[in-house]
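Numbering (this note's numbering), first residue to last: 23 to 158.
Cβ atoms here follow ideal geometry from the backbone N, Cα and C, with glycine treated the same way.
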């Protein structure tokens, strides 16, 4: 009779990364919904595509955050890529009245990147073929 084992728990840095990525995804999904609600007829196509992009990007981040929390190795790549994009976005917001947005974006991205590249996070997300398919 096979014994049930408790699946490994995500280390604290990985849980932090998953929480921040989930927060980013939630904000983007809400921005997509807000954009959809405020679409005007003079910019219909731009409004629809922007709302769709924001919502789908947010949903993708939420999916990646779930993967990080559940120790899915595939989730590391999309999470890292999204944070690199976010660092470029932070740079583009630097200066003037949007400096606070730049700081928030950069701090969140750096937090996730540092948490993802911590030793315990790297070990938890290591691609171990025997982890999912034990030898009988």
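Between the beta-carbon of residue i and the beta-carbon of residue j, is there less than 8 Å?
| i | j | result |
| --- | --- | --- |
| residue 41 | residue 93 | no |
| residue 72 | residue 149 | no |
| residue 134 | residue 112 | no |
| residue 108 | residue 87 | no |
Nearest to residue i by CA position, among the options, is which residue?
| i | options | result |
| --- | --- | --- |
| residue 76 | 125, 53, 31 | 53 |
| residue 83 | 73, 43, 105, 98 | 43 |
| residue 97 | 85, 106, 132, 134 | 85 |
| residue 106 | 91, 129, 89, 90 | 129 |
Taking all protein chains shown into account, do 16 or more other C-beta atoms lie within 10 angstroms of the C-beta of residue i, making it buried, or fewer, making it exposed?
| i | result |
| --- | --- |
| residue 70 | exposed |
| residue 30 | exposed |
| residue 104 | buried |
| residue 127 | buried |
| residue 47 | buried |
| residue 118 | exposed |
| residue 89 | buried |
Excluding the five sequence neighbours on either side, which residues of its own chain have a C-beta within less than 6 Å of the C-beta of residue i, listed in chain order?
| i | result |
| --- | --- |
| residue 50 | 76, 79, 80 |
| residue 124 | 112, 115, 116 |
| residue 139 | none |
| residue 61 | 69 |
What is the residue span of the alpha helix (DSSP H) that residue i lies within?
| i | result |
| --- | --- |
| residue 93 | Here residue 93 belongs to no alpha helix (DSSP H), and DSSP marks it neither H nor E. |
| residue 55 | 34-59 |
| residue 137 | 121-138 |
| residue 100 | 98-115 |
Once you ignore the five residues that flank residue i on each side, which residues in its own chain have a CB closer than 8 Å to its CB?
| i | result |
| --- | --- |
| residue 23 | With a pLDDT of 49 at residue 23, under the threshold of 50, the modelled position of that residue is not reliable, and no figure is offered here. |
| residue 158 | Reliability fails at residue 158, whose pLDDT of 47 lies under 50, so the model's placement of it is uncertain and the value that follows must be treated cautiously. Closer than 8 Å at Cβ, skipping near neighbours: no residue. |
| residue 121 | 115 |
Which residues in the same chain as residue i place their Cβ atom closer than 7 Å to its Cβ, once the five residues preceding and following it in sequence are excluded?
| i | result |
| --- | --- |
| residue 137 | 35, 36, 38, 39, 143 |
| residue 33 | 142, 143, 146 |
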